[in-house]
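When we follow full-length UniProt numbering, the leftmost residue of the sequence shown carries the number 1, and every step to the right adds one.
Backbone N, C-alpha and C fix where the C-beta goes; we use that ideal spot for every residue, glycine too.
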Amino acid sequence: MNVPRVSSPSRDMVSRDSGGELCVVCGDKASGRHYGAVSCEGCKGFFKRSIRKQIGYICRGAKDCPVTKFHRNRCQYCRLKKCLAMGMRKKQARNRWNAASIAILISSGHVTNNNYRRATHTQLNEGHPRLRRRWKARASTFSTLMRKREFRVVAYTVLTT
1 MNVPRVSSPS RDMVSRDSGG ELCVVCGDKA SGRHYGAVSC EGCKGFFKRS IRKQIGYICR
61 GAKDCPVTKF HRNRCQYCRL KKCLAMGMRK KQARNRWNAA SIAILISSGH VTNNNYRRAT
121 HTQLNEGHPR LRRRWKARAS TFSTLMRKRE FRVVAYTVLT T
């Protein structure tokens, strides 16, 4: 009997018994849509670390290693390749705006508190409802830090948008 080898589910595959979606990368139980693809917490974290740290992986096989729930940690090269092939987007993993990075911009003179509030207000009015909630939370945290002056610049970092 000749059975084809399947390394992971397709994009549309849904688990019948649990009623939940499966990670399109490894087939584990998905926790939601992350970086543009339905994925599990493990693949979400792996993809984020790989992109943000710009890690270069090497495959010790033929660059077609199986990426399953049980084998996903064996070849990082093939796992990252599959993350990208299944629709995870690098650009979304690079965005890291938080109160600390905004404070660095302000302290370096690149952004003023008023400019930040104006930009935030514009984006709040034009954005998706879920993004509006995130921006409001970040703006609130940032405003609190600015009011209390409870931030300090530890190091200057290059921020990409």
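Relative to the C-alpha of Arg79, which candidate in Cys40, Leu22, Cys26 and Glu21 has its C-alpha closest? Counted from its first residue, the sequence shown places residue 79 at position 79. Of all alpha-carbon atoms in Cys40, Leu22, Cys26 and Glu21, the one lying nearest the alpha-carbon of Arg79 is that of Cys26.
* **Contacts around Arg89, its chain only, beta-carbon distance under 7 angstroms, and the 5 residues preceding and following it disregarded** => For the purposes of this step, residue 89 is identified with residue 89 of the sequence shown, where counting begins at 1. Non-local beta-carbon contacts of Arg89 in its own chain, meaning distances under 7 angstroms to residues more than five positions away in sequence, involve Tyr35 and Gly36 in chain order.
Looking at C-alpha atoms only, which residue of Val24, Gln76, Glu21 and Lys69 is the closest neighbour of Ile51? Counted from its first residue, the sequence shown places residue 51 at position 51. Out of Val24, Gln76, Glu21 and Lys69, Gln76 has the C-alpha closest to the C-alpha of Ile51.
Q.
Tell me the rounded alpha-carbon separation between Arg49 and Gly87.
A. On the sequence shown, residue 49 is found 49 positions in, with the first residue counted as 1. On the sequence shown, residue 87 is found 87 positions in, with the first residue counted as 1. Straight-line Cα distance between these residues: approximately 17 angstroms.
Q) For the candidate residues Thr68, Arg74 and Phe70, whose alpha-carbon lies nearest to that of Gly61? A) Against the sequence shown, residue 61 aligns to sequence position 61. Just measuring C-alpha positions, the residue of Thr68, Arg74 and Phe70 sitting nearest Gly61 is Arg74.
### Query
Near Lys82, which residues of its chain fall below 6 angstroms by C-beta distance, leaving aside the five closest residues on each side in sequence?
For the purposes of this step, residue 82 is taken as the residue at position 82 of the sequence shown. Excluding positions up to five away in sequence, the list reads Val25 and Val67.
Report the rounded CA-to-CA distance for Cys65 versus Leu84, giving the unit in angstroms.
By one-based count along the sequence shown, residue 65 stands at place 65. By one-based count along the sequence shown, residue 84 stands at place 84. The alpha-carbon atoms of Cys65 and Leu84 are separated by roughly 15 angstroms.
Residues near Phe46 by beta carbon distance below 7 angstroms, same chain, minus five either side = As a working mapping, residue 46 is identified with position 46 in the sequence shown. Same-chain partners within the cutoff: Arg79.
Open item on the list: In whole angstroms, give me the CA-to-CA distance for Lys53 and Lys91.
Closed with: As a working mapping, residue 53 is identified with position 53 in the sequence shown. As a working mapping, residue 91 is identified with position 91 in the sequence shown. Taking the straight line joining both Cα atoms gives about 13 angstroms.
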